[in-house]
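For reference, the structure discussed in these notes is given below.
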Amino acid sequence: MRLEISYRGGTTHQAEVPARVCVLGRDPSCDVVLNDSKCSRRHAVLEEGPGGIAVRDEGSANGIYVNGRRVERANLTANDTLRLGDVQVKLLADIGETMVVGPDDLDLRTVAESPRPLAPDLPLRAVADPLTRAERKPPAREPAPRRVSPSPAGPRARPPTVSVLVGLWALFVPVSVAACLFAAQRLGGGWLALSLGGLASLVLAGLGTTMALGLHALAPWARHLQIAAAAIGLLACPFTLASATVLLYMTRPEVKGAFEGNGRVAPRAGSGADDATFALSIIGMLVLGLALAAAAALLL
């Protein structure tokens with residue numbers, strides 16, 4: 299190997315290296331001694347093999363650069379430039395003897411008359427091929443399976459009869475307000491009658507709105523209030539049958555489970571048909587009660 303060595307001050311020398319392995323660095327035992335403070339004691343190794351000349355880093359502090367690109371190991375061809383610290387080393391040819399050069403020494407000094415074999419105890423640190431390093435990596439651990447929490451249950455299904463009761467309570471609000479105002483007018487329309495009628499309409503409208511919202515949300519307290527209202531309705535003769543039907547329906551275990559939402563009471567076979575029957579019965583009994591009340595009003 300024949301090398302052209304250029305220092306930062308502009309001094310250029312040539313060195314002929316007869317050995318097939320050449321160590322470059324500041325250490326006097328190196329094949330080519332580089333007098334540069336940025337070079338490590340054993341900076342790099344040039345090795346000639348069947349595939350040509352290759353360079354590898356010997357664990358230097360500042361690394362090696364081939365044609366401006368930092369490498370750990372690279373194959374070299376003629377006229378490739380190798381930078382070690384502030385020293386430029388250019389590969390010229392493959393002839394000659396081992397030389398020691400410095401920036402202030404303009405003469406080439408022959409170190410040995412014959413090629414000097416590489417010392418058997420010379421520590422040469424092999425640089426692993428990138429593919430080999432990748433193959434030696436431990437296999438990536440598979441991520442632990444993520445625990446998927448069960449999705450929250452959707453809104454509870456509202457029984458048809460409860461939906462009917464929601465509609466009846468919503469209808470109760472305007473009917474009760476109109477009835478209270480009509481009664482106040484019939485009583486003379488004075489300020490006292492109107493005040494009492496307005497107060498009664500507010501109370502009944504608030505009751506109807508609260509019951510409609512509570513039953514719609516299947517709130518447990520709404521079921522208890524509905525049972526209490528049905529019990530009071532038993533005392534109103536025209537609506538006794540309708541109130542009894544509502545009372546019987548609201549005390550069923552399936553209805554109680556729907557309002558509590560605990561699912562402890564399983565619906566019985568045919569409960570859907572029974573629920574529809576209760577809904578039609580309540581509507582029929584309520585219409586009958588309204589007819590009886592209207593007839594009683596006309597007679598009176």
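Numbers 299 to 598, taken from the working numbering, label the letters of the sequence shown in order.
All C-beta atoms, glycine included, are put in the ideal place defined by N, C-alpha and C.
No experiment lies behind these values; they were computed from the predicted model shown.
| Asked | Found |
| --- | --- |
| As assigned by DSSP and simplified to three states, the class of C535 | helix |
| At least three beta-carbon pairs within less than 8 Å, the stretch 374 to 390 to the stretch 301 to 318 | yes |
| Alpha helix (DSSP H) segment containing H514, residue limits | W489 to H514 |
| Exposure label - A410; buried when at least 16 CB within 10 Å | Residue confidence is low: A410 scores 38 on pLDDT, short of 50, so the model does not pin down where it sits. Its coordinate-derived value is still stated next. Exposed is the call here. |
| Cβ contact check for the stretch 531 to 548 and the stretch 575 to 590: 3 or more pairs under 8 Å | yes |
| The stretch 514 to 524 / the stretch 455 to 466 touching (three or more Cβ pairs under 8 Å) | yes |
| DSSP three-state assignment for V473, whether helix, strand or coil | helix |
| Reduced DSSP category for Y363 - H, G, I as helix; E, B as strand; rest coil | strand |
| Any 3 or more C-beta pairs closer than 8 Å across the stretch 488 to 502 and the stretch 521 to 531 | no |
| Three-pair Cβ contact test at 8 Å for the stretch 343 to 357 versus the stretch 366 to 383 | yes |
| Three-state secondary structure assigned by DSSP to H341 | coil |
| Neighbourhood of L479 by C-beta distance below 7 Å, restricted to the same chain and skipping five residues each side | G495 and S499 |
| Reduced DSSP secondary structure (H/G/I, E/B, other) of L578 | helix |
| Within 9 Å, strictly: CB atoms of M509 and F470 | yes |
| Proximal residues to T430 (C-beta, below 8 Å), its chain only, five neighbours per side dropped | Only weak support exists for where T430 lies, its pLDDT of 44 falling under 50; the coordinates are left without a value. |
| Test item: CB-CB of R340 and I362 under 9 Å | no |
| Reduced DSSP category for D378 - H, G, I as helix; E, B as strand; rest coil | coil |
| Straight-line Cα distance separating P326 from L390 | 23 Å |
| Closest Cα partner of A571 within the set P458, L332 and L322 | P458 |
| Residues that DSSP places opposite V331 in a beta bridge | G323 |
| Range covered by the beta strand (DSSP E) that runs through A352 | G350 to D355 |
| Heavy atom of the ligand FMN within 8 Å of G486 beta-carbon | Absence of the ligand FMN is noted for the structure shown, with no ligands found whatsoever. |
| Residue-level contact to chain C via CB, L332, 9 Å cutoff | No chain C is part of this structure, which consists of one protein chain only. |
| C-beta contact flag for A317 and S338 at 9 Å | no |
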